[in-house]
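Some notes on the structure that comes next.
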Amino acid sequence: MSDAESLDGMSTVEVRTSATAALIPTIRAVASDLAARADFDLDAISDLRMAVDEACATLVDAADPTSVLQCRFLVRPERIRVHAEVESAKPDTVLSTDTFGWRVLQTLADDVEVLHQAAAEGRRATVGIRLDKSAGDVPR
Amino acid sequence: MSDAAAPDPFGVGLPLDTEVSRPRPGTVLLEVDGEIDTATAPRLQAGLDEAMDAAHAEGSHVVVDLTGVTFLASSGLAVLIGGARRVTALGGRLRLVAASRSVTRPLQVTGADALFDTFDDVASALSAEASRPSDAEASRPSDAEAGRSRAADARGAGASGSRPSHAAAPPPGVAPPIGGVGR
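In order, the protein sequences belong to chains A and B. Our numbering puts the first sequence at residues 1 to 140. Our numbering puts the second sequence at residues 1001 to 1183.
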């Protein structure tokens, strides 16, 4: 996330958990809470919660078991951007986008992207997912 | 079964319960309560398999009661879709009971709702005549077939797929591969 994004006056919430499926419900709850407070319509809240779950589950599956799952929410009026990331199990781990789960994620989110970052000095390879969700179809 | 292997940081076990019962002759009811996600989808699969095996042996219909489900992830959707296909291959329709947004929204936004007969409450599902389409399905007679054939075409292409409008037809490529979710 660029400095310009984080300085435009909107709220950022970051959640870090062990990369385990048992803790994804907690991250879902944060997504629901933020969407509800941002006045998302009920369908958009449901979609964001499900999209965040899908992204986190995909990443936990690809993660090194000792990794942290890091999930950042950038809350703006009318839109929430989510950036989730884990250290990958192997240096050449690639997230598949030819899965049912990925197609569901594309359906739920307005925009979704896979991010791969190679290992570097003092830093392990990571895989991440960035997604955007708007507050709803009803004009405000 | 993955239950034993999955770490449980809260020490309370998986938050999903399933129960198979026979509320009346000719019907096997699977009641599901809790959250259906990656961790609990295997439990849903086991319950659905048990219900379907029993129904197949008895010549009964399966009704899946999802009114107690508070979250439905794609892994859960895949289990339900697999069940629908198994029932459809035998000439029937899988019946779901779902009224809360947690379940109806994922079914609707992915177009998977075309694969089921969905009811607002258990009583309606139990009293429905065999193979009668639900109100929603009656207005979209060929979408289930169209969705499956498009899904088969798009399956290997990794199509990006723009976000669908809330139209009648299921979006292409959303139905899972025959062999499973394949994450």
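Cβ atoms here follow ideal geometry from the backbone N, Cα and C, with glycine treated the same way.
Measure the beta-carbon distance from B:Arg1095 to B:His1061 and round it to whole angstroms, keeping in mind my assumption that it falls under 8 Å.
-> Contact check for B:Arg1095 and B:His1061: beta-carbon distance about 7 Å, within the 8 Å limit, so the pair qualifies.
Taking the C-alpha atoms as reference points, what is the distance between A:Thr26 and A:Asp33?
-> Going from the Cα of A:Thr26 to the Cα of A:Asp33 covers about 11 Å.
Just to confirm, are A:Arg49 and B:Phe1119 a CB contact at a threshold of 9 Å?
-> Contact flag unset, no.
From B:Ala1099, B:Ala1084, B:Val1122, B:Arg1101, residue whose alpha carbon lies closest to that of B:Arg1093 = Distance from the Cα of B:Arg1093 is smallest, within the candidate group B:Ala1099, B:Ala1084, B:Val1122, B:Arg1101, for B:Ala1084.
Is the number of C-beta pairs between the region 62-80 of chain A and the region 1041-1055 of chain B that are closer than 8 Å three or more?
-> Taking 8 Å as the limit for Cβ pairs, the verdict is that the region 1041-1055 of chain B does not touch the region 62-80 of chain A.
Sorted by chain position, which residues of the same chain lie with C-beta nearer than 7 Å to A:Leu95's C-beta, five sequence neighbours on each side aside?
-> Closer than 7 Å at Cβ, skipping near neighbours: Thr58, Ala62, Val114, Val127.
Following the continuous alpha helix (DSSP H) through A:Thr107, name the residue where it begins and the one where it ends.
-> Where A:Thr107 is concerned, the enclosing alpha helix (DSSP H) stretches over 100-108.
Please say whether B:Ala1041 and B:Ser1075 have beta carbons closer to each other than 9 Å?
-> The answer is yes: Cβ separation under 9 Å.
In chain order, what residues of the same chain lie with their CB nearer than 6 Å to the CB of A:Val30, ignoring the 5 residues before and after it?
-> The residues are Val15.
Using only alpha-carbon positions, find the residue among A:Ala119, A:Ser18, A:Ile80, A:Ala22 that is nearest to A:Met10.
-> Among A:Ala119, A:Ser18, A:Ile80, A:Ala22, the Cα nearest to that of A:Met10 belongs to A:Ile80.
Touch check for the region 100-117 of chain A and the region 1006-1026 of chain B: three-plus C-beta pairs under 8 Å?
-> Contact between the region 100-117 of chain A and the region 1006-1026 of chain B is absent, because fewer than three Cβ pairs lie under 8 Å.
Any residues in the region 1059-1091 of chain B with a beta carbon nearer than 8 Å to a beta carbon of chain A? Which ones, in chain order?
-> Answer in chain order: Phe1071, Leu1072, Ala1073, Ser1074, Ser1075, Leu1077, Ala1078.
Compare the C-alpha of B:Pro1015 against each of B:Gly1111, B:Pro1023, B:Thr1110, B:Gly1068 and name the closest.
-> The residue from B:Gly1111, B:Pro1023, B:Thr1110, B:Gly1068 with its alpha-carbon nearest to that of B:Pro1015 is B:Gly1068.
Burial state of A:Arg28 (16 or more Cβ within 10 Å) = So A:Arg28 ends up on the buried side.
Could you pull the start and end residues of the beta strand (DSSP E) that A:Asp111 belongs to?
-> Per DSSP, A:Asp111 belongs to the beta strand (DSSP E) from 111-117.
With 7 Å as the C-beta to C-beta threshold (strictly closer), list the residues of the region 42-68 of chain A near chain B in chain order.
-> Those would be Leu42, Asp43, Ser46, Asp47, Met50, Asp53, Glu54, Ala57, Thr58, Asp61, in chain order.
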